[in-house]
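The opening residue of the sequence shown carries number 4 in this note's numbering; numbering runs sequentially from there.
Think of the CB as a built atom: it goes at the ideal place given N, C-alpha and C, for glycine as much as any other residue.
Notes for the one structure printed next.
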Amino acid sequence: MLSGDTAPCESMVELARDADLLLHEAMYEPGIDAMLAARPYVPPGLRSFLVNGHTSAGDCGRIAARAGVKTLALTHLLPSDEGLVGEDVWLREAARLFSGRVVVGQDLMVL
Numbered sequence: 004m005l006s007g008d009t010a011p012c013e014s015m016v017e018l019a020r021d022a023d024l025l026l027h028e029a030m031y032e033p034g035i036d037a038m039l040a041a042r043p044y045v046p047p048g049l050r051s052f053l054v055n056g057h058t059s060a061g062d063c064g065r066i067a068a069r070a071g072v073k074t075l076a077l078t079h080l081l082p083s084d085e086g087l088v089g090e091d092v093w094l095r096e097a098a099r100l101f102s103g104r105v106v107v108g109q110d111l112m113v114l
């Protein structure tokens, strides 16, 4: 199952039910705050747009657990290339509510 940009929703739980692999976009809200603070200009409403249109890594874990998936792969990370969020943070956040395998997706990764 593959998730694109989406806020947490019950439909994703149902669509991913018992999947071997759930690829889910993920955000880390404190990282978004740091990313925006480092920019010289932030359009009004951008933070709200980002936070309300994406799923936190913790919520990704909750969705994966409720759906009963075997592996959760976090992808399309926000923030992504800022160097603000280490892989350990993504894994820790998702694993708070999901006891299955969690990986952080990388370009050309094969699962």
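Do the CB positions of residue i and residue j come within less than 8 Å of each other?
i	j	result
Asp-18	Leu-53	Looking at the sequence itself, residue 18 is Leu, so the reference to Asp does not match. Not in contact: Leu-18 and Leu-53 (Cβ atoms no closer than 8 Å).
Leu-114	Thr-74	yes
Met-4	Ala-29	no
Leu-25	Ala-70	yes
Ala-76	Gly-108	yes
Val-106	Tyr-31	no
Could you say which of the options lies nearest to residue i if we only look at CA atoms?
i	options	result
Ile-35	Met-4, Val-107, Leu-94 and Gly-86	Gly-86
Gly-7	Leu-94, Val-16 and His-27	His-27
Ser-59	Arg-20, Arg-95 and Ser-14	Arg-95
Gly-89	Glu-13, Ser-14, Pro-33 and Ala-40	Pro-33
Val-72	Arg-42, Ala-41, Ser-83 and Met-15	Met-15
Just grab the DSSP bridge partners of residue i for me.
i	result
Met-38	The partner list for Met-38 (beta bridge, DSSP) is empty, contrary to what the question assumes.
Ala-76	Leu-26 and Val-106
Leu-5	Leu-26
Leu-114	Bridge partners of Leu-114: none, in fact.
I'd like the span of the alpha helix (DSSP H) that includes residue i, first residue to last.
i	result
Cys-63	60-70
Ser-51	49-55
Leu-100	Leu-100 -> no alpha helix (DSSP H), and no H or E assigned at all.
Val-16	13-18
Inset, instruction - Could you say if the stretch 38-53 and the stretch 90-103 meet the contact criterion of at least three C-beta pairs nearer than 8 Å? - result: no
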